[in-house]
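Below is one structure; the comments refer to it alone.
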Amino acid sequence: MKKKILITLFTLVLIVLPFFIGILIGKYSPYIETNNITTYVIIWAIISITFSSVVILAVKLIHRSFKKILVAGAFLMLLFCPIAGIVGLAAPPDLSIKMLDHPER
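Right under this line is the structure:
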């Protein structure tokens, strides 16, 4: 019974995690006037590499413990990376006259 509760809680955390991380990196979104896309991509890459490393270590641990690799589960966990990046964009681009008046555009 405890194992089932832990698996359910872990699943709920994995469902909410991309949106939570996306909200956290949303303040670095390139669609906000003062932010640069390079900074956003670097932050997104660091988070993606870190999470991918955790997934790889978890798959190795599961393989040692249960002698069974859950490849489909690992791929689903890796979907976190693009979802977090998309949610982190926070808003569509601002195409107002104020934004289009910038000299770099």
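Numbering (this note's numbering), first residue to last: 727 to 831.
All residues carry an ideal CB built from backbone N, CA and C; glycine is no exception.
These numbers come from a predicted model, not from an experiment.
Residues Ser-778, Val-781 of the same chain have their beta carbon placed closer than 7 Å to that of Leu-804, with the five preceding and five following residues left out of the count.
Taking a C-beta distance under 9 Å as the contact criterion, Val-813 and Ile-747 qualify as a contact pair. DSSP places Leu-783 within a helical segment (H, G or I) once states are collapsed to three.
Excluding five sequence positions before and after Val-767, none of the CB atoms of its chain fall closer than 8 Å to its own CB. Its Cα nearest to that of Leu-740, the residue Ala-800 stands out among Lys-729, Ser-755, Ala-800, Ile-823.
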